[in-house]
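Peer 1: Protein chains in written order, with the numbering used here: chain U, 2 to 136; chain C, 288 to 469.
Sharing a structure here in C-alpha cells format.
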Amino acid sequence: MKLRCIRAGVKFTVCAIDAADGPDMDCPAIRFLQEVDAHRPDSFKTLSNLLNFHANEGQIHNTQKSRHLKDGIYEFKSNKNDRLFYFYPKDRAGFTILTHGYHHQGSHKGEPLDAQVDRAIGLRRRYQEERPDVC
Amino acid sequence: MSAKNGAAEFLAGYLKEYEKDADFVAEGMALSVAEQALKIMREKGVTHVALAASMGVAPSFVSRVFNARPNLTLRSIARMAIALGVQPVCVLAPREDSAFSSTQGLEVETEHSPSLHDSFRELKLSRYFGPIEKAGTPYASSIFKGLNPPEEPLSTTSESRGKADAEAPQTMKELSKERLAA
C-alpha cells in the first residue's frame, strides 16, 4: 500500500490510498475521479474545487458539500451524486486520506450505502496497519 | 506543481487548466461565501431557519445558497450579508503568477500610487461618497482606465444617507419582526 498525493495545500495535504503492493497503481479514489472526469465533467470540477478548498482553507463545514458519516469517515459530495470518502489519519497531522468514491444512485440527499462506508472503514484499517508512505 | 514530498499532485494539471474557467472559479467563490456565512452563523448562533426569516426568504433559498452553485448572485450575497449584519467585500486582486501584471492594463502611477487594496477601498468609497481626494495619491477611479464609473453614486448626500439610515431596521431581530409582521 502507498499514498498518492492529490493536492497539497496550506492547511491539508490530501492523499489517496493506493492499495497495490507492487509498482502498479490500484488507487480507487483516483480511478473514481478519472471516471467522473470522463462521464460527468461538471461533477469532477465540483470535487476538484472541494479538494482544493479543503487543502487550502481547511475542513469544510458546509454539510451540503462535506459531512461526517460514521466512525470517523467523511464524504465530499458533488451536485451530481458523486461521493468521495475520506478520513483524518491519527498518525499524520495535516493529512487527509481519500479512500474511494462512488456514484450515489437515487436522491442526492440520500445516505450512502452502508457497504460503501464499510469499504472506507476497511481501507482505513489497512492504512492503520501498514502506515504507508506518500509516493 | 508538486506535493510537499516532491511527488506530483494528481489535481495540479486540472487546477491549472480550470483557473481560467469562470464556472470553476465562481463555484470556488460560492464555496468560500458559504463557509464564511456558516462561520458567522455559528459565532452568532443563527440557524438556517432564522437566517431565512431575516432575509425574508424560504429556508430552501438558504439551502440553495449553501449548495454553492456557481450562479450565486451578488444580490443573494448582499441579502445574506445584511441579514447577518456583516459587510460584503468584493475584491479583484492581482494574481501572483498572472501575466496581467499591475503595469499592464491598469494605469498605475508608480511614484505616488497607493497599494491596490487602498485603491479598491477608495474605489468602493468613491462609489458611495464621490471621489476621495488624498494628498500625494491619484484618485482610485483614475487608476482603472477603461472601466465605466457608476452613472450616479448610490447615495451622495448626507441627507439621503441619514434618511436611509433612519428608515433602516437596526437589528436582525427588528428585521425579522418586520418581515413576520408583513
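Just so it is clear, CB atoms sit at the ideal spot from N, CA and C, and this is done for glycine as well.
All values derive from a computational prediction rather than experimental measurement.
How far does the alpha helix (DSSP H) with residue 301(C) in it reach, from first residue to last?
Peer 2: Residue 301(C) -> alpha helix (DSSP H) spans 299-305.
Peer 1: Verify the CB distance criterion: does residue 315(C) have a CB-CB separation below 7 Å to chain U?
Peer 2: With 7 Å as the cut-off, residue 315(C) counts as an interface residue toward chain U.
Peer 1: What does residue 106(U) touch in chain C if you count any residue whose Cβ is under 9 Å from its own?
Peer 2: In chain order: nothing, as chain C lies at least about 20 Å away.
Peer 1: For chain C, find out if any of its Cβ atoms is closer than 7 Å to the Cβ of residue 79(U); answer yes or no.
Peer 2: Cβ-Cβ to chain C under 7 Å: no for residue 79(U).
Peer 1: Would you report the Cα separation of residue 135(U) and residue 97(U), rounded to the nearest angstrom?
Peer 2: Straight-line Cα distance between these residues: approximately 12 Å.
Peer 1: What does the alpha-carbon distance come out to for the pair residue 312(C) and residue 304(C)?
Peer 2: Taking the straight line joining both Cα atoms gives about 11 Å.
Peer 1: Looking only at DSSP bridge pairs, what is residue 88(U) linked to?
Peer 2: Partner(s): 98(U).
Peer 1: Where are the beta strand (DSSP E) runs, 3 residues long or more, that stay fully inside the region 325-355 of chain C, in chain order?
Peer 2: As far as the region 325-355 of chain C is concerned, it has no whole beta strand (DSSP E) run of at least 3 residues.
Peer 1: Under 7 Å, do residue 83(U) and residue 104(U) count as touching if we go by C-beta distance?
Peer 2: Yes.
Peer 1: Taking C-beta pairs closer than 7 Å, name the residues in chain U that residue 321(C) reaches, listed in chain order.
Peer 2: Chain U residues near residue 321(C): 63.
Peer 1: Classify residue 350(C) as buried or exposed, calling it buried when 16 or more other Cβ atoms lie within 10 Å of its own Cβ.
Peer 2: Exposed is the call here.
Peer 1: Give a yes or no on whether 7 Å exceeds the smallest Cβ distance from residue 354(C) to chain U.
Peer 2: Yes, residue 354(C) counts as interfacial toward chain U.
Peer 1: Decide if residue 361(C) is buried, meaning its Cβ has at least 16 other Cβ atoms within 10 Å, or exposed.
Peer 2: Exposed, because fewer than 16 other Cβ atoms sit within 10 Å of the Cβ of residue 361(C).
Peer 1: Taking the straight line between their C-alpha atoms, what separation do you get for residue 347(C) and residue 309(C)?
Peer 2: Going from the Cα of residue 347(C) to the Cα of residue 309(C) covers about 26 Å.
Peer 1: Got a sec, what are the start and stop residues for the beta strand (DSSP E) residue 9(U) sits in?
Peer 2: Here the beta strand (DSSP E) through residue 9(U) covers 3-9.
Peer 1: Which residues, in chain order, does the region 38-55 of chain U contribute to contact with chain C at a C-beta distance below 9 Å?
Peer 2: So the list reads 38, 43, 45, 46, 47, 49, 50, 51, 52, 53 and 54, given in the order they occur along the chain.
Peer 1: Which residues of chain C have a Cβ atom closer than 8 Å to the Cβ of residue 21(U), listed in chain order?
Peer 2: Per Cβ cutoff of 8 Å: no residues; residue 21(U) is ~15 Å from chain C at best.
Peer 1: Shorter than 7 Å from the beta carbon of residue 31(U) to some beta carbon of chain C?
Peer 2: Judged by the 7 Å Cβ criterion, residue 31(U) is in contact with chain C.
Peer 1: What whole-angstrom Cβ distance do residue 225(U) and residue 77(U) have, given they're in contact under 8 Å?
Peer 2: In the structure as shown, chain U starts at 2 and stops at 136, and residue 225(U) therefore has no counterpart that could be examined.
Peer 1: Applying the 10 Å Cβ sphere with the 16-neighbour rule, what's the burial state of residue 132(U)?
Peer 2: Result: exposed.
Peer 1: What residue range is occupied by the uninterrupted beta strand (DSSP E) comprising residue 36(U)?
Peer 2: Segment 29-40 is the alpha helix (DSSP H) holding residue 36(U); no beta strand (DSSP E) there.
Peer 1: Applying the criterion that 16 or more other CB atoms from any shown protein chain within 10 Å of the CB defines a buried residue, is residue 64(U) buried or exposed?
Peer 2: It is exposed - the Cβ of residue 64(U) has fewer than 16 other Cβ atoms within 10 Å.
Peer 1: CB residue 6(U) to CB residue 19(U), shorter than 7 Å?
Peer 2: Not a contact, by the Cβ cut-off of 7 Å.
Peer 1: DSSP on residue 81(U), reduced to helix/strand/coil?
Peer 2: Of the three classes helix, strand and coil, the one that applies to residue 81(U) here is coil, per DSSP.
Peer 1: Applying the criterion that 16 or more other CB atoms from any shown protein chain within 10 Å of the CB defines a buried residue, is residue 366(C) buried or exposed?
Peer 2: Residue 366(C) should be labelled buried.
Peer 1: At a CB distance below 7 Å, what residues from the region 86-102 of chain U approach chain C? Give them in sequence order.
Peer 2: So the list is empty, because no residue satisfies the distance condition.
Peer 1: Got a sec, what are the start and stop residues for the alpha helix (DSSP H) residue 61(U) sits in?
Peer 2: Note, residue 61(U): premise wrong, no alpha helix (DSSP H); not H, not E.
Peer 1: Short of 8 Å in beta carbon distance, which residues of its chain neighbour residue 193(U), apart from the five on each side in sequence? Order them along the chain.
Peer 2: A question about residue 193(U) goes unanswered here, because the residues of chain U that appear run from 2 up to 136.
Peer 1: At 8 Å on the CB atoms, spell out the chain U contacts of residue 318(C), in chain order.
Peer 2: The contacting residues are 50, 51, 54, 61, 63 and 66.
Peer 1: Is it buried or exposed, residue 125(U), if we count other Cβ atoms within 10 angstroms and call 16 or more buried?
Peer 2: Flag for residue 125(U) reads buried.
Peer 1: Cβ of residue 7(U) less than 7 Å from any chain C Cβ?
Peer 2: Cβ-Cβ to chain C under 7 Å: yes for residue 7(U).
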